[in-house]
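Right, one structure below, let's go through it.
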Amino acid sequence: MATMEEIDLNLCTFHDSPLKSTKTSSKCEACYEDHHDNKQGYKCDFCEFYVHEECINTSIPSRHKHPLKLRGKQGDLSCCLCETELSVTMFYHCSKCSFRICVPCARKPLMIHQYKAHKHELHQIPINISFTCEACGLLSTGYPYICHQCCFIIHRACIFLPRVIYINYHDHRISYVSSLGPGKWTCGVCDESVNGEYGAFSCLVCSFTVHSNCATKWNVWDGRELEGVLEEEDEKEESKPFQVIDQNLIKHFSHEHNLKMSVPREEEDKRCYACTLPLYSELCYKCTQCGFILHDACANLPRKKRYFFFTERLTLCHKDHGHYFRNFFFCEACKRYCNGFSYSTDSEDRYAIDVRCASMSIPFKHESHPHWLVLCYAESQEEVMRCEGCDLYNWYILRCKGNVDCGGIYLCFTCVTLPTLVRHGYDNHPLSLYYGDKNVSSTYWCGICEEEINSKTWFYNCNDCGSTLHTKCVFKNLIRSSRPGYSSIMGNLRNVYFIPNNRLSRPICFLCKTRCVDDLVLNMEETKLFLCYSCSFSLYQGTLSLE
Numbered sequence: 106m107a108t109m110e111e112i113d114l115n116l117c118t119f120h121d122s123p124l125k126s127t128k129t130s131s132k133c134e135a136c137y138e139d140h141h142d143n144k145q146g147y148k149c150d151f152c153e154f155y156v157h158e159e160c161i162n163t164s165i166p167s168r169h170k171h172p173l174k175l176r177g178k179q180g181d182l183s184c185c186l187c188e189t190e191l192s193v194t195m196f197y198h199c200s201k202c203s204f205r206i207c208v209p210c211a212r213k214p215l216m217i218h219q220y221k222a223h224k225h226e227l228h229q230i231p232i233n234i235s236f237t238c239e240a241c242g243l244l245s246t247g248y249p250y251i252c253h254q255c256c257f258i259i260h261r262a263c264i265f266l267p268r269v270i271y272i273n274y275h276d277h278r279i280s281y282v283s284s285l286g287p288g289k290w291t292c293g294v295c296d297e298s299v300n301g302e303y304g305a306f307s308c309l310v311c312s313f314t315v316h317s318n319c320a321t322k323w324n325v326w327d328g329r330e331l332e333g334v335l336e337e338e339d340e341k342e343e344s345k346p347f348q349v350i351d352q353n354l355i356k357h358f359s360h361e362h363n364l365k366m367s368v369p370r371e372e373e374d375k376r377c378y379a380c381t382l383p384l385y386s387e388l389c390y391k392c393t394q395c396g397f398i399l400h401d402a403c404a405n406l407p408r409k410k411r412y413f414f415f416t417e418r419l420t421l422c423h424k425d426h427g428h429y430f431r432n433f434f435f436c437e438a439c440k441r442y443c444n445g446f447s448y449s450t451d452s453e454d455r456y457a458i459d460v461r462c463a464s465m466s467i468p469f470k471h472e473s474h475p476h477w478l479v480l481c482y483a484e485s486q487e488e489v490m491r492c493e494g495c496d497l498y499n500w501y502i503l504r505c506k507g508n509v510d511c512g513g514i515y516l517c518f519t520c521v522t523l524p525t526l527v528r529h530g531y532d533n534h535p536l537s538l539y540y541g542d543k544n545v546s547s548t549y550w551c552g553i554c555e556e557e558i559n560s561k562t563w564f565y566n567c568n569d570c571g572s573t574l575h576t577k578c579v580f581k582n583l584i585r586s587s588r589p590g591y592s593s594i595m596g597n598l599r600n601v602y603f604i605p606n607n608r609l610s611r612p613i614c615f616l617c618k619t620r621c622v623d624d625l626v627l628n629m630e631e632t633k634l635f636l637c638y639s640c641s642f643s644l645y646q647g648t649l650s651l652e
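When you read off a place in the sequence shown, starting at 1, and then add 105, the result is the number in this note's numbering.
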């Protein structure tokens, strides 16, 4: 047992006043434990400083090849064994190397009975070594746990890996397995190879596999352990979007009437109510009593879905997205305003993803690039990346896996969701998406706004007459073009309608007092007023008012 002189010597570096032996329930400055019963320790007469006697006992086992000494915290440090930040005032430190250990770890045995990770006892090595973790397959340097009976070695954090979880990159549950076995495995998050000899997460329904460390990232896993939790049958049923009436007839959850399988004529100029994109000569479902229509793929969209922007499961919604407009929302992925169906969070903030963005899978293949793209996100302002398609910076971006032959590429969701072939009132011919001249300095001018186009960014080009257009001018701020004639609700006003802006004389906007140049305008039927789409965005955001 340490003497009072030794105690004074140990504590002089981080407390100047004398300490007296006492029993109290105060919080210990070494381990931060607060006991309800009185515990023997040392307390200052002039302040609240108090330490347990056992926390500063000089006879504490070192568990290290060098002797350890008690010292005060200096800077941002973490414990070498538990890897948590040293938030306490004191810890044990080796003067010959960088080994440091918090007081709680110094008082605990370096042995864990963790049968989920391994069937034998695991012992932690208090020496910094290089090793490959059996649970995650990562080669790293640290203070691992080992099994003396079978040479099993593992990170401390990997001991507590969950067994069954959901992640936002996959709609099925995934389970931890100690090894995948022989074969070629690819991670569904980072798209890198997975070594089948080590532990990983795998789907029992399909061939989806994930690295252990990728599956348990804070922005991938929702933190819930589902081992022993049954998957409810009604949870599976609620993902079905429609009921089958007969061979050609369905009852979709989003519409009150039955929908009949059909193939529209091109001259009908119909738009899908879910994705709002045009319907050509393709299979669809039309309402038997009104103009409601859905692509076949959109009719089969699941009611519930997981998406890599959010850890919570999203719900397919077909109405009531915004404060002013019905079926009008901002897509968090492509950063556009949309008025079709969305996948939305159930939280109070109500984040939404339009159905086309929600249908994307990672890794993603875009025809502008020969290699697969993976999701990359910035964790700070300094890491925000520039998209090569629009030359704008974005927090979430798709990047090439880093193939040395292509030099890599960075694309935002706004650009990768641009259709490669479109029609616009400016030109009678189809417009093709052009991916810019990276090595040639050419001069192009937009036929709509008559301003110069950055030749290194993406733009639309007519192969027949050579006209060039900004992508933003073709779509303004809305790739999911609103359906003409589709009614909305705005404030206390009656129905307002989206109508094509194709008259000989363009209407004057009630808010900005200029002639509307957008493809569609809002017609407020009761007041006989018009709003251009740009102003409708501002009205939706609350930056403008009709009053």
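The beta carbon of each residue, even a glycine, is placed where N, CA and C say it ideally should be. Quantities reported herein were computed from a predicted structural model and do not represent experimental measurements.
Could you check where the alpha helix (DSSP H) with residue i kicks off and where it finishes?
| i | result |
| --- | --- |
| arginine 205 | Here arginine 205 belongs to no alpha helix (DSSP H); instead the beta strand (DSSP E) covers 205 to 207. |
| cysteine 403 | 401 to 404 |
| arginine 504 | Not the alpha helix (DSSP H): arginine 504 falls in the beta strand (DSSP E), residues 501 to 505. |
| lysine 577 | 576 to 580 |
| valine 460 | 460 to 463 |
| serine 317 | 317 to 320 |
Decide if residue i is buried, meaning its Cβ has at least 16 other Cβ atoms within 10 Å, or exposed.
| i | result |
| --- | --- |
| phenylalanine 413 | buried |
| isoleucine 234 | exposed |
| isoleucine 350 | exposed |
| histidine 253 | exposed |
| valine 156 | buried |
| glutamate 110 | For glutamate 110, the predicted structure reports a pLDDT of 44, less than 50, and the residue's modelled location is therefore unreliable. The matter cannot be settled from this model. |
| isoleucine 279 | buried |
| glycine 571 | exposed |
| aspartate 459 | buried |
| histidine 198 | buried |
| lysine 391 | buried |
| leucine 636 | buried |
| arginine 599 | Unreliable placement is indicated for arginine 599, whose pLDDT of 49 sits below 50; the coordinate value is still reported in the next sentence. It is exposed - the Cβ of arginine 599 has fewer than 16 other Cβ atoms within 10 Å. |
| methionine 595 | Low confidence applies to methionine 595: its pLDDT is 46, below 50, so where it sits in the model is not reliable, and the reading given next is rough at best. With 16 or more Cβ atoms within 10 Å of its Cβ, methionine 595 is classed as buried. |
| isoleucine 584 | Residue confidence for isoleucine 584 is low, a pLDDT of 41 falling below 50, so the modelled location carries little weight and cannot support an answer. |
| isoleucine 553 | buried |
| histidine 529 | buried |
Return the first residue and the last residue of the beta strand (DSSP E) that residue i is part of.
| i | result |
| --- | --- |
| phenylalanine 635 | 634 to 637 |
| serine 245 | 244 to 247 |
| cysteine 481 | 478 to 482 |
| cysteine 263 | Run containing cysteine 263: none in the beta strand (DSSP E); it sits in the alpha helix (DSSP H), 261 to 264. |
| histidine 277 | Neither: histidine 277 is in no beta strand (DSSP E) and is coded neither H nor E. |
| leucine 421 | 419 to 422 |
| threonine 127 | 124 to 129 |
| alanine 305 | 305 to 308 |
| lysine 144 | 144 to 149 |
| phenylalanine 196 | 195 to 199 |
What residue from the options has the CA that sits closest to residue i's CA?
| i | options | result |
| --- | --- | --- |
| proline 231 | Cys570, Cys202, Gly242 | Cys202 |
| glycine 494 | Tyr539, Thr450, Thr129 | Tyr539 |
| tyrosine 482 | Ser447, Val325, Gln394, Pro267 | Val325 |
| glutamate 361 | Cys377, Leu331, Gly396, Lys375 | Gly396 |
| serine 183 | Phe204, Lys174, Leu175 | Phe204 |
| glutamine 229 | Leu388, Tyr281, His169 | His169 |
| glutamate 239 | Ile251, Ile258, Tyr248 | Ile258 |
| alanine 402 | Cys614, Leu388, Thr393, Gln394 | Leu388 |
| leucine 266 | Phe306, Val626, Pro287 | Phe306 |
| aspartate 569 | His534, Tyr501, Leu384, Trp563 | His534 |
| valine 521 | Gly552, Glu484, Val479 | Val479 |
| isoleucine 251 | Leu243, Ile264, Val579 | Ile264 |
| glutamate 484 | Asn499, Ser122, Pro249, Thr573 | Asn499 |
| alanine 379 | Ser464, Glu332, Gly242 | Ser464 |
| asparagine 444 | Thr450, Asp451, Cys436 | Cys436 |
Look at residue i and residue j and say whether their C-beta atoms are less than 8 Å apart.
| i | j | result |
| --- | --- | --- |
| valine 315 | valine 334 | no |
| histidine 474 | isoleucine 514 | yes |
| serine 537 | leucine 526 | yes |
| asparagine 273 | arginine 408 | no |
| aspartate 532 | cysteine 567 | yes |
| tyrosine 448 | leucine 421 | yes |
| glutamate 158 | glutamine 145 | yes |
| cysteine 492 | cysteine 517 | yes |
| glycine 288 | glycine 304 | no |
| proline 369 | histidine 357 | no |
| serine 298 | threonine 291 | yes |
| cysteine 187 | arginine 261 | yes |
Quick one: is residue i near chain C, going by C-beta distance under 8 Å?
| i | result |
| --- | --- |
| cysteine 319 | In the displayed structure, chain C is absent; only one protein chain is listed. |
4-residue-minimum alpha helix (DSSP H) runs that sit fully inside the region 511 to 574, ordered along the chain: 518 to 521
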